[in-house]
Amino acid sequence: MTSPRPTVADTSSAPCAADTPLLVVRDLTTQFPTRHGWLTAVNHVSYELRAGRVLGVLGESGSGKSAMLRTILGLQPKSTRISGEILLDGRDLISMSSSEREDMRGASVSMVFQDPMTALDPVFTVEQQLVETIRRHSTLPRSEAADRALELLQTVQIPSPERRLKAYPFELSGGMRQRVVIAMALVSNPRLLLADEPTTALDVTVQARVLDLFRDLKHRMGMGIIFVTHDLAVVAEIADDIAVMYAGRIVEFGRLDDIVRSPQHPYTRGLLEANIRPGQHDRPEAIPGSPPNLANLPPGCSFAPRCHAAEAACWDAVPTFVPVSPGHGVRCLNAVRPVEAVAR
Numbered sequence: 001m002t003s004p005r006p007t008v009a010d011t012s013s014a015p016c017a018a019d020t021p022l023l024v025v026r027d028l029t030t031q032f033p034t035r036h037g038w039l040t041a042v043n044h045v046s047y048e049l050r051a052g053r054v055l056g057v058l059g060e061s062g063s064g065k066s067a068m069l070r071t072i073l074g075l076q077p078k079s080t081r082i083s084g085e086i087l088l089d090g091r092d093l094i095s096m097s098s099s100e101r102e103d104m105r106g107a108s109v110s111m112v113f114q115d116p117m118t119a120l121d122p123v124f125t126v127e128q129q130l131v132e133t134i135r136r137h138s139t140l141p142r143s144e145a146a147d148r149a150l151e152l153l154q155t156v157q158i159p160s161p162e163r164r165l166k167a168y169p170f171e172l173s174g175g176m177r178q179r180v181v182i183a184m185a186l187v188s189n190p191r192l193l194l195a196d197e198p199t200t201a202l203d204v205t206v207q208a209r210v211l212d213l214f215r216d217l218k219h220r221m222g223m224g225i226i227f228v229t230h231d232l233a234v235v236a237e238i239a240d241d242i243a244v245m246y247a248g249r250i251v252e253f254g255r256l257d258d259i260v261r262s263p264q265h266p267y268t269r270g271l272l273e274a275n276i277r278p279g280q281h282d283r284p285e286a287i288p289g290s291p292p293n294l295a296n297l298p299p300g301c302s303f304a305p306r307c308h309a310a311e312a313a314c315w316d317a318v319p320t321f322v323p324v325s326p327g328h329g330v331r332c333l334n335a336v337r338p339v340e341a342v343a344r
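Counting in our numbering, the sequence shown runs from 1 upward without gaps.
Below, the structure is given as structure tokens:
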């Protein structure tokens with residue numbers, strides 16, 4: 001038996017540019033078949049995202065972050081079991097046909113992947129790849145598509161864009177390649193941009209510039225962005241709201257300041273305490289243990305085996321998602337006290 005999902009009211013964020021959410025995810029579950037049974041990568045997840053806001057999705061590897069993005073985009077294998085609703089501008093993506101989903105992908109919603117080298121073809125120039133993508137989503141002749149490609153490189157702030165258009169991916173730095181991938185995702189001015197750990201392979205300086213670019217896109221284009229990361233410092237730089245995921249479930253959801261200043265779930269607190277803060281001299285405290293097997297989840301709270309505050313009741317049933325303040329909710333029987341804010 002599954003626990004009640006967080007309601008839209010529980011997870012809705014605060015003030016935004018529009019009253020109607022751009023994206024509504026309701027009770028989303030994604031399961032993959034394995035020889036050991038069904039692996040539940042996304043487990044009854046619900047939240048809303050409004051245009052012009054960034055939702056940061058935070059969690060360890062294997063928490064279901066990337067699987068959730070791929071489910072939204074429709075990139076999961078055919079054998080995958082999916083239930084729930086994904087409403088983009090009121091249209092249910094799950095109920096769409098394959099051809100409708102194909103048309104939607106890149107037009108209404110686009111994705112920026114973690115490794116730009118796997119997203120770019122090494123044997124074609126940046127211009128060739130951008131022009132091909134533009135023409136796939138429009139009726140522009142090749143000459144106008146080339147002009148649009150140049151415009152996109154300018155949008156993502158690539159210096160000397162005319163020269164970079166003629167370059168091959170291996171001739172660009174990691175940061176430049178990631179900007180090209182972002183430019184490709186912007187071809188059709190999507191309403192929703194999914195970013196799957198887009199700064200992981202970048203050094204700190206380049207990472208900061210890419211985060212600045214995402215902020216600029218949010219303000220200039222008014223798109224909604226879901227930004228997945230395992231790095232608390234990164235999410236604190238970019239997000240308006242945070243969803244903390246563990247073992248496929250959202251265990252805490254709220255505004256950035258609420259999550260950072262007053263975390264209510266022991267896992268969120270553990271992530272905060274594992275983060276190095278300016279002026280800190282002692283070693284950060286790691287979360288003990290390992291995430292559970294998603295093909296064999298325990299009957300109660302998935303975090304209970306690693307939690308110092310676990311009680312007998314935590315092992316019996318999955319905690320319900322309850323609001324603790326406006327826009328801030330948690331899936332835990334034992335809320336914890338606030339910790340100091342993470343320096344941004």
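Ideal Cβ positions, reconstructed from N, Cα and C, are used throughout, including at glycine.
Keep in mind it's a predicted model, so treat the numbers as computed, not measured.
Residue i: first and last residue of the uninterrupted alpha helix (DSSP H) it sits in
i    : result
H219 : 204 to 221
D103 : 98 to 104
D257 : 256 to 261
S173 : Taken as a continuous stretch (DSSP letters only), S173 belongs to no alpha helix (DSSP H), as it is neither H nor E.
P116 : 116 to 119
I72  : 65 to 73
Coil, strand or helix - residue i by DSSP
i    : result
G224 : strand
G327 : coil
D147 : helix
L194 : strand
V57  : strand
S160 : coil
V187 : coil
T139 : coil
I287 : coil
S302 : coil
E237 : helix
D10  : Note that D10 has pLDDT 39, beneath the 50 cutoff, so the model's placement of it is unreliable and the number below is only indicative. Correct three-state label for D10: helix.
V322 : strand
Boundaries (first-last residue) of the beta strand (DSSP E) holding residue i
i    : result
R269 : No beta strand (DSSP E) contains R269, which is instead part of the alpha helix (DSSP H) from 266 to 273.
G84  : 81 to 88
P33  : 23 to 34
V42  : 37 to 49
I242 : 241 to 246
S110 : 109 to 112
Sub-9 Å separation of residue i and residue j beta-carbons
i    : j    : result
A119 : I134 : no
V251 : C332 : yes
N43  : G254 : no
L73  : M117 : no
A239 : W38  : no
V324 : L58  : no
L22  : D89  : yes
N334 : A312 : no
Q76  : E197 : no
Y246 : F303 : yes
D241 : T199 : no
I287 : G270 : yes
M68  : T30  : yes
L192 : M221 : no
P298 : E60  : no
V181 : L153 : no
M176 : R164 : yes
P122 : Y168 : yes
R50  : T20  : yes
D258 : G327 : yes
E237 : A208 : yes
Cβ separation of residue i and residue j, assumed to be a contact under 8 Å, to the nearest whole Å
i    : j    : result
L202 : G174 : 6 Å
P263 : C307 : Not confirmed; about 13 Å, so no contact.
V45  : I86  : Not confirmed; about 10 Å, so no contact.
G329 : V322 : 6 Å
A243 : N275 : Contact doesn't hold; Cβ gap of about 17 Å is too wide.
Residue-chain proximity (residue i, chain B), Cβ-Cβ < 9 Å
i    : result
V180 : The structure shown has no chain B; it contains just one protein chain.
Exercise. With a cut-off of 8 Å, do at least 3 Cβ pairs link the segment 126 to 146 to the segment 82 to 99?
Worked result: no
Exercise. Would the segment 104 to 124 and the segment 186 to 193 be scored as touching if the rule is three or more Cβ pairs under 8 Å?
Worked result: yes
Exercise. Can you find at least 3 beta carbon pairs, one from the segment 49 to 66 and one from the segment 227 to 245, that sit closer than 8 Å?
Worked result: yes
For this session: Determine, using beta-carbon pairs with one atom in the segment 125 to 132 and one in the segment 148 to 162, whether at least three such pairs fall under 8 Å.
Result: yes
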